[in-house]
Amino acid sequence: MYSQITSNKRKTVLIMCLFILLIVGLGFLLGTLNHSPSLVYFVISFGLLYAIISYWAGTKWSLALNQAKEIQKKDNPRLWRIIENLAITDGLPMPKVYIMDDPAPNAFATGRDPDHASVCATQGLLDIMDDKELQGVFAHEMAHIKNYDIRVSMIAFALAAAITLIADIILRITFFSDDEREQNPLFLFLGIIAAIMAPVIATMIQLAISRKREYLADASGVLATRYPEGLESALAKIAQTGSVLKKQNTATAHFFFANPLKGHSITNLFSTHPPIDERIARLKKMEDHQ
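Each residue of the sequence shown is one higher than the one before, starting from 108 at the first, in the numbering used here.
This is how it looks when you write it as structure tokens:
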């Protein structure tokens, strides 16, 4: 467990470096093609400032984007008790608890660290899961908190938002260029390529860190509950009913317990979630070795 926390802290530094390099590259491209060195510094400074603001405000933003509402123990004693018991078992502070009014069974954890963490369940999850299954789902989410996965996810969310914004600026400048740039097809070509590829590269970096995290959180959650059958059953129910949310947001999709986005779309080529069948198969192997 401690090795995973150390690994995630190293990943945090690596992700920051990769995203910052991408921001610097976009700024250099925009400034060079506009023959404006000052624009390079402006874009880099703006992108990094936006990323920092997104990181510190990211928890509130991710909860607001998904229309999650904070609850207290009296609002849902069952959910509160399960999360409270898991926090005690894992030796973690009690996170803030939220519920989303969505019929799809899903959940997520977010925050900068265990002292500033939140967990959220959809109403659909609460409706179809029994206590053991719900415990399995939130043991998985608490593992994300304990392993500092939430910090990695939050930084990826913040920097991806900054890159997407810069890419959008490049695209707009490309199409609303002055006469000099209109005569330069290279600017048009590179601007469009950069604007399209930057968010894709940001998503691919998120993908690279997310799938392995889900398998590790499954395994860590089972170690906390000593009951893999609960998580297996929860995953099987989600596979049967589907986990697609009514209101979808690609920026926060990698936070969720199961893929919240619609199937058969371009976004699923870069899904941050491993197949549910594979997750169940791995849990069954753990069960066999107990």
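Each residue gets a CB set at the ideal place from its N, CA and C atoms; glycine is no exception.
Taking all protein chains shown into account, do 16 or more other C-beta atoms lie within 10 angstroms of the C-beta of residue i, making it buried, or fewer, making it exposed?
i	result
GLU177	exposed
PRO367	buried
GLU248	buried
LEU244	According to the sequence as given, residue 244 is Val; it is not Leu. Flag for VAL244 reads buried.
GLY198	exposed
GLU321	buried
ARG84	Look at the range of the chain in this structure, 108 to 397, and you will see that residue 84 is not part of it.
TYR162	buried
HIS142	exposed
PHE264	buried
ILE122	buried
ILE195	exposed
PRO335	buried
THR407	This structure does not reach residue 407, given that the chain is present from 108 up to 397, and the question cannot be answered.
PRO144	exposed
With DSSP collapsed to three states, give me the class of residue i.
i	result
ALA216	strand
SER143	coil
VAL351	coil
GLU289	Because GLU289 carries a pLDDT of 48, less than 50, the predicted location of this residue cannot be relied on, and the following value inherits that uncertainty. GLU289 falls in the helix class under three-state DSSP.
GLU236	The sequence given here places Met at residue 236; Glu does not occur at that position. DSSP places MET236 in coil when its eight states are reduced to three.
TYR334	coil
ALA224	strand
PHE364	coil
LYS203	strand
Within 7 Å (strictly less), CB to CB, does residue i reach chain B?
i	result
ALA388	Structure shown: chain B not included; a single protein chain is present.
Please report the Cβ distance between residue i and residue j, rounded to the nearest whole angstrom; I am assuming they are in contact, meaning their Cβ atoms lie under 8 Å.
i	j	result
ALA269	GLY132	With a Cβ gap of about 13 Å, ALA269 and GLY132 do not count as contacting.
ASP209	LYS353	6 Å
MET393	ALA326	7 Å
PHE126	LEU266	4 Å
LYS239	GLY337	4 Å
ALA365	ILE387	No, ALA365 and ILE387 are not in contact; Cβ-Cβ is about 12 Å, not under 8 Å.
Say whether the region 339–352 touches the region 175–190, bearing in mind that this needs 3 or more beta-carbon pairs closer than 8 Å, one atom from each stretch.
no
Decide if the region 218–227 is in contact with the region 199–210; the criterion is three or more beta carbon pairs, one per stretch, under 8 Å apart.
yes
Count the CB pairs spanning the region 249–261 and the region 272–280 that are closer than 8 Å, and state whether there are at least three.
no
Kindly provide the ranges of any beta strand (DSSP E) runs that are 3 or more residues long and lie completely inside the region 150–182, ordered along the chain.
175–178
Does the region 344–351 come close enough to the region 166–173 to have 3 or more Cβ pairs within less than 8 Å?
no
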